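Chemist: The structure's right below; bear with me while I get my questions together.
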Amino acid sequence: MMVCENPAFHFDFWNDINHDSVVEVTCLMPNSISIPLTVSTSTSLHELKEELWEEAVKYPLHGMLHDSSSYSISYVNAMAQREMLVDENKRLCDVRPFLAVLNIVERQEDKADNVLNAQISNLIGKGLMEFDSLKSSEVNQFRGKMKALADQMQANRRRQSWLERLLYQFAPRLAASTLSSNVLPTTVTRRLRDDNFSVVIKFDNTETTFTFNVGLTTTPDQLMLQILNKRAMTLKTRNEKCSDFTLKVCGREEFIVGQHPLIDFAYIQDSLSQDLNPILIAVSKFNVPVPEELNKDQIDYIEQNKTRTTLTLRKKTKHKLSFDIDEQFKFKVNYISKLNCDETRTVEVGIEAALFHGGKALCECVRTSEKIVNNGDCTWDEELAFDMSIADIPRMARLCLVVYEVSKTSKGLRTRRIKESKQEMFVTPMDWVNTTVYDFKNQLKSGSITLYMWTYADDLQNEDLLHPLGTVVSNPNVEQTTALTITFHSYQPAEHVIVYPSLDKLREYADKKGKEDLKDQAVGDSQSLKTYLDQIKTMAERGEPLDEMHEQDRKKLWRHRYHILQSVPGLLAKLLDCVEWGIRWEVAEATSLVSRWPLLGPQQALELLDYAYADQVVRSFAVKCLQKLSDEDLSLFLLQLVQALKHESYLCCDLVEFLLTRALQNQKIGHYLFWHLRSEMQVASVSVRFGLMLEAYCRGSIEHMKTLIKQMDFLEKLKKTTDLVRQRRDKEKARSFLQEYFQEGHCIEAMSSVHSPLDPSYKCKRIRTEKCRVMDSKMKPLWIVFENVDSHGDDIYVIFKNGDDLRQDMLALQMIRIMDKLWKNEGLDLRMNPYQCISTDNRVGMIEVVLNAETIANIQKEKGMFSATSAFKKGSLLAWLKDYNQTEQSLQKAIEEFTFSCAGYCVATYVLGVADRHSDNIMVKKTGQLFHIDFGHILGHFKEKFGFRRERVPFVLTHDFVHVINKGQTRKEALEFQMFQNYCEKAFLILRRHGSLILSLFAMMISTGLPELGSEKDLNYLRETLVMDLSENDAKLHFRSKFEEALGNSWKTSLNWASHNLAKNNKQ
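When we follow full-length UniProt numbering, the leftmost residue of the sequence shown carries the number 1, and every step to the right adds one.
What follows is the structure, given as structure tokens:
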């Protein structure tokens, strides 16, 4: 590239100018573009590079540039030598480049960088070069910002002490209920003797065992001192220091460390609740695999290579605020190509467009004329104008488009009937696409763009033509999909960029426009205001939907927004539902209000992250509230938070940064975040977003990558195994092949020393091939047993599934886990067993095996001699429990466990609408604990046969269940059964009080890919079940009627189970 010498330059140019002078610098860009830049001579090279990247947006080939951190600056110095700049904090006048020419070049990656990039590509299932090939400035900016975050987190971690690094890699589990209320559960206190409990202590790789009686205030360090003193006395050991040892949970890589008393740890409480003595292993700190601490030279190297981001706003571009543009929002539909339609007949198509915000239309939709398709192509060149000005379009508005076919006859379930000029016509949607009105830089989009469209899924439960809750990402399969080209209208003056007002500008606008409204609020009777506030607070607690309020009531609620701010801030979500997002001053007022709102509790904040709350400031506020969330609670809600990413319009958002930051502070959260993202990498609409997040996580947690790569190899080997096993139809031959295959060297290597994807605290030493088998199911799941790497730990059992979608099971089990927490927080322990389940890939995943448990079907056949009446024999279940609990005390304990757990699952399955309940997916442990498995149908999607519902009861409560609860008594009004019913009613009312949270968690999952949660209508089941519009007493009566219905119709359940038992040989 030739650069003309500026006549102003001469050999002593830099000596003749002042340090605060202005100079024109010629920048030679890596995309072959030369950019002149006028800057102060005292500008640092880092600041110059920031300004250069802002200027580069105006030039061609800008999309080819990555973030500025990917480039270095070279120049010719005063000695006529080419020099590469190392320290970008130097000023331009100190560097003195010859002719004021700077050459911007890509940083040279060393061999280690190339290896790391290859490992990340393999791990996330997407080559990093694919991100480069997108030539997207948004992608490049996001990668730069996330790399800076990852670098900083990695550097911070390496400076931590040994204990801090241990807490990052093996974060201890603390019992949240004890920490929040300082009250121990009754299941724990009944095991205490004079406020003491027993702990068994073992030593790593030895058979030495001690038992200690410890108090409620004993800390891990105090216990360790007792352990070493006793060991010194017993084994005559010397010079052992407490600081050289730590305590580990038996069988798990979970550590009991820190200043919390032992009783605060979840493992201790779980063991005591199960009538077990906690078993801890004393291990040497030198044998605990924590990341190494960096030396000074390594820290200096990280500092020198730390990424800096360029995220400042453009300073020199002329811009105009959107609030000052009163013209209609317009765009032109140019043409469409590669439309997939039947070319053997004449096809007329049109395009419908609408503006949406948070799933609600902002104005009337508009349509093009209908045109005939020719070889998949069609041209319109029609301008469409909305009855809405630019000034009133909110920041997060999206333009939704659909291509539809017009015909005289219906063409399927998605066809809609319309009337045009007194003639009945049918409209069938073909393809859809959504795009944001503003780009990621806050600028109103302009010029022509081509959008690659999505086809409608066959199971999409949507009666509308448009799909506003769908992604705003174009279909990446550009070669095969329909392409729609549109042109956004240019507004005068053309040289100005239209930008959405900043938060400060919105506040200023709101203050100016809201003065009159405040005067109106000041007028009125204070008593009537108090009555009104009490009324809406009660309404909110009941969860009554404001959508059903009259317009005047919604306006009244909005008018009293400042009183709500002061008196009932928990009503923020309800208040935002009253905002007219198509009126600029209301949007400004709402945004200003949120920025001043007191922080909400995490559970209330979660509601603000579902699809209905699209505003950027609102979602940022919600994330700010979530900062208080403990690691345990974050893990509990992580599934929804990951799915909520699909409702974000741009790559850079506070939710992404929050999740990555917390994952890089706690490796267990990082583990689950990685697999939640990785399992959906095959979903085209999120593959870029999730892939970029995975890349950022890997760069920020390089030491974790080795573990994840091992898990990935292990899972790939299991996928291959299931494919081979399916080729052998004979059960014994399949089992024999499985065990032989697992003994081959490549399998032994892949399945040794691997952390379980289900729970990374379990580390598998090797596979126990003799205990592995192929299960009886269409997809041939594998029953796999591992030897625990902890010599004192039990074997690890898992079920590997290839071919079944486990995402819905994950959701149901997670919701049961949340219900269990809500119950325990109010002192109700229903002995729930939400076993672990994880999806790791498309229709691939793992399930925890619950040991010492049997299905109801197998119990009934065992005790009913496999007869047609086995399901009706009410004594079979109690007899089975007696076989395994032969003392009176153990039998009473088993019946108690059964009663509590049966109550919990009756209520949980009723509220969740769990369908397809039969005797093969309800199990009982030998200790009496009942639990459900297989959650393929939820939210009332009950199975039908010949047009009739197979399940006609709200939940499963059969006579044999009642027989166990009543301890074998025949009296219908037994005290035990009354207590059981009381547990059910209490559990239901607790869930109902948290109905808004439950609804919000499901709302966050809408339109994220689950077939039975495709639209808001799927939430109606929850609203009907929780009856939040009733008083608590009426709700209890409603549930009681459902309870009586379940009990009265239990014979129908028994009949279904009898036919199920006869149809299938359940014993495996």
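Beta carbons are placed, not taken as given, at the ideal position from N, Cα and C, and that holds for glycine. Since the model is a prediction, treat every value here as computed from it, not as a measurement.
#1: Select from E985, E589, V953 and P760 the residue whose C-alpha is nearest the C-alpha of Y562.
#2: Counting only the same chain and skipping the five closest in sequence on each side, list residues whose C-beta sits under 6 Å from that of G570.
#3: Near V688, what residues of its chain come up, given a Cβ to Cβ distance below 6 Å and the 5 sequence neighbours on each side ignored?
#4: Roughly how many angstroms lie between the CA atoms of R949 and D820, to the nearest whole one?
#5: Go to L451, then tell me how far its beta strand (DSSP E) extends in each direction, as first and last residue.
#6: Would you list the residues sitting across from I922 in a DSSP beta bridge?
#7: Please report the residue range of the beta strand (DSSP E) in which F488 lies.
#8: Can L128 be considered in contact with the ligand COA, in the sense that its beta carbon sits closer than 8 Å to one or more heavy atoms?
#9: Let's see if you can read the secondary structure: which residues bound the beta strand (DSSP E) around A974?
#10: Take L813 and list the residues in its own chain whose beta-carbon comes closer than 6 Å to its own, dropping the five residues that flank it on each side.
#11: With three or more C-beta pairs closer than 8 Å as the rule, is the segment 376 to 396 touching the segment 1028 to 1044?
#12: Just how far apart, CA to CA, sit S756 and Q711?
#13: Is the distance from the Cβ of T855 to the Cβ of M923 below 9 Å?
#14: Below 6 Å CB to CB, which residues in the same chain sit around L1026 once its five sequence neighbours on both sides are set aside?
#15: Just to confirm my understanding: we take K202, look at its own chain, exclude 5 residues before and 5 after, and list those with CB closer than 6 Å. What are they?
#16: Restricting to Cα atoms, I'd like to know which of D195, V349, A266 and G601 is closest to P278.
#17: Going by beta-carbon coordinates alone, are I938 and E1012 separated by less than 9 Å?
#18: Excluding the 5 residues flanking T450 on each side, which residues of the same chain have their C-beta closer than 6 Å to its C-beta?
#19: Within 8 Å, do at least three Cβ pairs link the segment 141 to 158 to the segment 115 to 126?
#20: Note down, in chain order, each residue of its chain lying with its Cβ closer than 6 Å to the Cβ of R773, except the 5 sequence neighbours on either side.
#21: Name the residue from D464, V472, E253 and L134 whose alpha carbon lies nearest to the alpha carbon of Q169.
#22: Is L565 near L593, with beta carbons less than 9 Å apart?
#23: Do G350 and K330 count as a contact pair if the criterion is CB distance below 9 Å?
#24: So if DSSP puts Y75 in a beta bridge, which residue, or which two residues, is it bridged to?
#25: Identify whether D841 lies in helix, strand or coil by the three-state DSSP scheme.
#26: Rounded C-beta distance between M795 and V785? I'm assuming under 8 Å.
#27: Could you name each continuous beta strand (DSSP E) segment of 3 residues or more that falls completely within the UniProt domain "PI3K-RBD" (194 to 284), going from the start of the chain to the end?
#28: Taking all protein chains shown into account, decide if L92 is buried (16 or more other Cβ within 10 angstroms of its Cβ) or exposed.
#29: Determine the direct distance from the alpha carbon of V437 to that of A522, and round the result to whole angstroms.
#30: Report the partner residues of N802 according to the DSSP bridge assignment.
#31: Which partner residues does K371 have in the DSSP bridge list?
#32: What are the start and end residues of the beta strand (DSSP E) that includes C93?
#33: If we call anything under 9 Å between Cβ atoms a contact, is P429 one with V406?
#34: Taking Cβ positions, are L641 and L659 nearer each other than 9 Å?
#35: With distances taken from CA atoms, which of W675, V956 and S685 is nearest E648?
#36: At what residues does the beta strand (DSSP E) containing Q328 begin and finish?
Modeler: According to the structure data:
#1: E589
#2: Q604
#3: none
#4: Reliability of the predicted coordinates at R949 is poor, the pLDDT of 48 falling under 50, and the value obtained from them is presented with this limitation in mind. Each residue's alpha carbon lies about 30 Å from the other.
#5: G447 to Y452
#6: H932
#7: A483 to F488
#8: This structure lacks the ligand COA; in fact it carries no ligand of any kind.
#9: It is not in any beta strand (DSSP E) - A974 carries neither H nor E in the DSSP assignment.
#10: P834 and C837
#11: no
#12: 7 Å
#13: yes
#14: R992 and G995
#15: T209, I281 and H792
#16: A266
#17: yes
#18: A483 and T485
#19: no
#20: R735 and W783
#21: E253
#22: yes
#23: no
#24: E83
#25: strand
#26: First, the amino acid is wrong: residue 795 is Asp here, not Met. Correct: roughly 5 Å between the Cβ atoms.
#27: 196 to 203, 209 to 215, 245 to 249 and 279 to 284
#28: buried
#29: Residue placement at A522 is flagged as unreliable, the pLDDT there being 48, under the threshold of 50; a coordinate-derived value is accordingly withheld.
#30: V844
#31: V349
#32: Premise fails: C93 lies in the alpha helix (DSSP H), L92 to V95, not in any beta strand (DSSP E).
#33: no
#34: yes
#35: S685
#36: Q328 to S337
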